[in-house]
Amino acid sequence: MDTENVNIKNWKSLIKPGKLDVQLNDDKSYAKIIAEPLEKGYGLTLGNSLRRILLSSIRGTAVTAIQIDGVLHEFSSIKGVREDVTDIVLNVKSLDLKSNMEGIKKLILDAKGPGEIKASNITPVADIEILNPDLVICNLDENTNFHIEMTVGNGKGYVSADMNKPEEPPLGLIPIDSLFSPVKKVSYSISTAREGKALDYDKLIMEVETNGSISAEDAVAYSARIFQDQLGMF
């Protein structure tokens with residue numbers, strides 16, 4: 001047998017997963033994916049790699065900076081607003097957004113107290129969908145006017161406020177940390193799979209949860225494609 005045929009057997013003789021079970025919730029933001037059988041140790045290799053890619057490399061939409069009328073910096077307080085600016089920033093960072101358009105966009109919220117101001121009070125904008133409209137932005141006292149402009153961008157992974165800061169920021173612009181990843185949680189476990197009489201194969205069980213801007217199943221599929229593309233160089 002020549003060397004070429006021996007090398008081909010290196011991968012052709014390996015077991016490949018023949019069963020893929022996908023369980024989704026109603027809005028498809030959660031998926032439990034079971035792949036089996038896998039060669040011993042491959043469950044850990046694939047599970048860990050896909051988890052890292054899911055959390056770091058799936059593109060999403062997030063707020064990158066805010067500007068509030070009458071506010072010059074993040075450590076200010078606003079008369080008639082029960083939260084300080086730091087609290088408002090934390091709330092804005094929790095906005096779950098969906099947009100298929102690249103480039104910088106703006107969201108504007110104009111409100112007057114008294115009352116609880118939610119993400120649903122943001123002025124609707126074409127191509128930006130707010131996925132958690134019940135998120136509380138702030139609480140206003142009576143006769144308090146509140147105006148905030150939010151800069152929205154697309155990206156992947158985590159981007160710090162320093163990286164989001166433009167070279168010449170306008171007065172009052174507050175860059176914020178952005179977590180662009182639409183993937184909220186990823187976990188995986190490995191159990192034993194049977195192939196014929198053999199019990200020394202892996203079963204990979206992955207659980208993925210997204211913010212709803214992408215289905216959990218699609219997020220895993222994109223991650224697998226990214227992994228394949230990266231390995232193509234070798």
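Reading the sequence shown from the start, the letters are residues 1 to 234 in full-length UniProt numbering. No residue lacks a Cβ here, since even glycine has one placed at the ideal position from N, Cα and C.
Original post:
Quick one: what does DSSP say residue 100 is sitting in, helix, strand or coil?
Top reply: coil
Original post:
With 16 as the cutoff for other CB atoms within 10 Å, does residue 97 come out buried or exposed?
Top reply: buried
Original post:
Quick one: is residue 202 buried, meaning 16 or more other Cβ sit within 10 Å of its Cβ, or exposed?
Top reply: buried
Original post:
What separation, rounded to the nearest whole angstrom, lies between the Cα atoms of residue 108 and residue 67?
Top reply: 10 Å
**OP:** Whole angstroms is fine: what's the gap from residue 167's alpha carbon to residue 206's?
**Re:** 42 Å
Original post:
Measuring CA to CA, which of 14, 148, 57 is closest to residue 70?
Top reply: Cα-wise, what sits closest to residue 70 is 148.
**OP:** Output the boundary residues of the alpha helix (DSSP H) element that contains residue 51.
**Re:** 42-57
Original post:
Where does residue 86 fall in DSSP's three states?
Top reply: helix
Original post:
Under a three-way DSSP split, which group does residue 165 fall into?
Top reply: Coil, per DSSP.
**OP:** Would you kindly check if the distance between the Cβ of residue 118 and the Cβ of residue 136 is under 8 Å?
**Re:** yes
Original post:
Distance, Cα to Cα, residue 62 vs residue 42?
Top reply: 34 Å
**OP:** Tell me residue 150's beta-bridge partners as DSSP assigns them.
**Re:** 66, 107
Original post:
Is residue 143 helix, strand or coil when you go by DSSP?
Top reply: coil
Original post:
Would a C-beta distance cut-off of 8 Å place residue 44 and residue 17 closer than the cut-off?
Top reply: no
Subject >> Span of the alpha helix (DSSP H) around residue 223 >> reply: 216-231
Subject >> Outcome for residue 150 when other beta-carbon atoms lying within 10 angstroms are tallied against a minimum of 16 >> reply: buried
Subject >> residue 92, DSSP secondary structure in three states >> reply: helix
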